[in-house]
Amino acid sequence: MNGIPIFVNGKDYYDREEAHAAWFEEWLMKQDFEQDLIDRELELEYRKTHPDWNTPYVMYGVRKKHKCIQKNEIAVFYDLLPRQKRARTAETHWYKVLYKRKATPEEVESLKAGEYTRRYLVYSLFIEKKMTLDKALSLIIADDKLLGITDNTISEIVTAFETFFNRKFRIYKPEFTTQLNLFTE
1213 MNGIPIFVNG KDYYDREEAH AAWFEEWLMK QDFEQDLIDR ELELEYRKTH
1263 PDWNTPYVMY GVRKKHKCIQ KNEIAVFYDL LPRQKRARTA ETHWYKVLYK
1313 RKATPEEVES LKAGEYTRRY LVYSLFIEKK MTLDKALSLI IADDKLLGIT
1363 DNTISEIVTA FETFFNRKFR IYKPEFTTQL NLFTE
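Take the sequence shown: its position 116, counted from the start at 1, is 1328 in the numbering used here, and no numbers get skipped.
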């Protein structure tokens, strides 16, 4: 026996091909192909009955506390593949989702226009002295109002944040400015 052994499923293998075959056999034994076929049939039936099955979701969340993460952060993130089976990804692992809603037609159009390679798009706001929680949430709410989100949904979003942080939020009305084009003829 020469070489370094490859440890697979509680055994040492000195032949690489044999180790790969053992790993593949172990992987096959863990698969439930029958359930996968049933799930696929259910998914196809759902897609036939729900024309909006592929509409992205918009989620509002808070960064989970961790020894590596010192800053407070709230975020809005888009799930571009809402019907895909959940995989453990950084976005769902590091953020606690407080509220989830379907994307508006305007958001769907803007997301379709972009070429995205990732499943999630994250827009985060770091909480610091200049950007308080109230101000950050106010910016998120102002963006949602511009998109035509109903007041009822906005109040649910604010309530979700208030419940999580266990305090009331003061929502500021944004000051919109008009850009003057000084160089028109």
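All C-beta atoms in this analysis are idealised placements derived from N, C-alpha and C, irrespective of residue type, glycine included.
CA nearest to the CA of residue i, picked from the options
i     : options                       : result
T1335 : T1375, V1288 and E1230        : According to the sequence provided, residue 1335 is Tyr. The question's Thr does not apply to it. Among T1375, V1288 and E1230, the Cα nearest to that of Y1335 is on V1288.
L1333 : K1341, Y1307 and K1283        : Y1307
F1373 : H1278, Q1296, M1271 and K1357 : M1271
K1276 : S1322, I1286 and V1220        : I1286
K1385 : F1376, Q1296 and K1347        : K1347
I1361 : M1241, T1329 and K1312        : K1312
A1231 : K1242, F1219 and M1241        : F1219
L1345 : D1363, D1244, R1330 and F1376 : F1376
D1251 : S1322, D1363, P1317 and Q1296 : Q1296
Contacting residues, own chain, Cβ-Cβ under 6 Å from residue i (five flanking each side not counted)
i     : result
N1284 : I1339
I1383 : S1350 and I1353
V1309 : M1271 and G1273
W1239 : none
M1213 : In this predicted model, M1213 has a pLDDT of only 48, less than 50, meaning its place in the structure is not dependable enough to derive any value.
Sequence-distant residues of the same chain with beta carbon closer than 7 Å to residue i, five excluded per side
i     : result
Y1258 : W1265
Y1225 : P1217, I1218, A1231 and A1234
K1158 : Coverage of the chain is limited to positions 1213 through 1397, which leaves residue 1158 absent and any answer about it impossible.
H1305 : none
K1324 : none
H1278 : none
E1253 : none
Own chain partners of residue i with C-beta closer than 8 Å, once the 5 adjacent residues on each side are dropped
i     : result
E1319 : P1268, V1270, Y1290 and L1359
K1380 : E1374
D1248 : none
Y1328 : L1292
V1370 : L1349, I1353, F1381 and I1383
L1337 : E1285, I1286, A1287, M1343, A1348, L1351 and I1352
I1366 : I1353, D1356 and K1357
K1223 : A1234
Residue i CB to nearest heavy atom of the ligand ADP below 7 Å
i     : result
R1330 : Questions concerning the ligand ADP fall outside what the structure shown contains, since it holds no ligand whatsoever.
Span of the alpha helix (DSSP H), counted from its first residue to its last, around residue i
i     : result
I1353 : L1345 to L1358
Y1258 : F1245 to T1261
D1363 : D1363 to F1377
F1219 : Looking at the DSSP string, F1219 is not in any alpha helix (DSSP H); the run it does join, the beta strand (DSSP E), is I1218 to V1220.
N- and C-terminal bounds of the beta strand (DSSP E) containing residue i
i     : result
R1275 : Y1269 to R1275
- Task: Tell me the start and end of each unbroken beta strand (DSSP E) in the stretch 1287 to 1341 that is at least 3 residues and wholly inside, in chain order.
- Result: Counting only runs of 3 or more, we get 1307 to 1314 and 1332 to 1339.
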